[in-house]
Structure formats: C-alpha cells, structure tokens
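Beneath this line is the structure, given in structure tokens, with notes to follow.
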Amino acid sequence: MELNFAFILRFNSQIPLFEQAVLIVADAALSLEVSGHGDVLEAHDGVLAVGSGGPFAAAAARALFDVPNLTAKQICEKAMKVAADMCCYTNHNFIYETLPNTANQASQPN
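The sequence shown begins at 34 in my numbering and counts up by one.
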C-alpha cells in the first residue's frame, strides 16, 4: 500500500486543517491509521477507531474481541452502539463499509 497521502498531508502547507485530521485506511490484509501530520500507525491488536467516540468504540470492541461466535461486523455494530450511548458527539446513524474476506479463499486448495 503506497502512503503518498501521508507525504501530501505533511508537506502541503495549503491545507492547514488536515493537521487535525485522522483517518483509517484499510484493505483486506492491513488496516492503518493516518494522521494529518503524516504519522502512520498500525494497531497492535487489530482494533482501530477514530473520532470523538473512538475511544469508547475501541474499548468496547476490545472487550468483545474474544467473545466466541461474533463476526467482525457484529463486534463493530455493538461497539458503535456503546460509543453512541456514551459520547454526546456520536449518534446512532452508522454506515458500514465492509471488505470481502479473502483470507479463507487463499488458504483453500484449488
């Protein structure tokens, strides 16, 4: 994954508000957090969250991570509900974008 985006954010003085921005970029194999300063972080436990309710959602997701029979989407939904209940700046209107799970397909023989 090329990280030219971080370079652009770090050295483009025309966009001062990007210094405060944080976003998550992901593909099927890797998830990263990119800050407006150009910092690129990878989660040590696979859980990333941004925004005002991010710490609440991350804590809830980490608590649910080891619960058997929960899918990643179910963990996300429950964590976001917890964040929306706890953070006054987060509401219950969510848009979920999912990536296809190619890990199982790659491990199966043809």
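Beta carbons: idealized from backbone N, C-alpha and C, even for Gly.
If one requires a minimum length of 3 residues, no beta strand (DSSP E) run lies completely within the region 68-122. Cβ neighbours of Leu97 within its own chain (closer than 7 Å, five residues either side excluded): Leu103, Ile108, Lys111 and Ala112. In this structure, the alpha-carbon of Leu63 lies about 10 Å from that of Ala76.
If you draw a straight line from the Cα of Ser85 to the Cα of Met119, it is about 10 Å long.
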